[in-house]
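One structure below.
In my numbering, the protein residues as written are 313 to 442.
This is how it looks when you write it as structure tokens:
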């Protein structure tokens with residue numbers, strides 16, 4: 313018997329038809345898991361255009377957890393922005409190596425300044441808070 317509560321819904325918030333901006337919302341029963349929170353690395357997508365489509369999420373506060381699969385910017389680069397600008401109260405999981413490298417990769421992207429998103433969307437304070 314399939315009820316609305318037991319329906320599995322997968323919503324690509326990025327990376328659905330592209331490489332980059334990896335972010336997928338999975339809903340099953342009363343749980344919501346967001347896989348990755350990446351940034352688009354294409355030079356044409358600058359500022360908020362480089363972010364996942366967070367506006368497609370009905371209630372961000374209902375997301376139970378975020379799972380960051382690895383430390384590449386297209387999988388974790390939007391996390392500081394997301395945490396600073398939305399009312400997410402769940403838990404964030406990532407492997408120990410990803411956690412150790414995550415902040416370094418993001419801070420390096422600000423220093424290099426070759427990724428146009430970094431100066432507008434994230435800063436060292438938002439990285440540290442994340």
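We put the beta carbon where it would ideally sit given N, CA and C, even for glycine.
query                                                                                                                              : result
Express the C-alpha separation of residue 343 and residue 394 in angstroms, rounding to a whole number.                            : 19 Å
Would you kindly work out how many angstroms separate the C-alpha atoms of residue 391 and residue 321, rounded to a whole number? : 22 Å
Which residue comes first and which comes last in the alpha helix (DSSP H) that contains residue 444?                              : With the chain covering only 313 through 442, there is no way to say anything about residue 444.
By the three-class DSSP mapping on this structure, what secondary structure does residue 372 have?                                 : helix
Hey, quick one: how far does the beta strand (DSSP E) through residue 326 stretch, first residue to last?                          : 321–326
Would you report the Cα separation of residue 382 and residue 367, rounded to the nearest angstrom?                                : 24 Å
Can you grab the Cα-Cα spacing for the pair residue 408 / residue 398, in whole Å?                                                 : 25 Å
For residue 340, does the count of other Cβ atoms within 10 angstroms reach 16, so buried, or fall short, so exposed?              : exposed
Can the beta-carbon of residue 377 be found closer than 8 Å to that of residue 358?                                                : no
Can the beta-carbon of residue 352 be found closer than 8 Å to that of residue 328?                                                : no
Looking at the structure shown, is residue 349 part of a helix, part of a strand, or coil, going by DSSP?                          : coil
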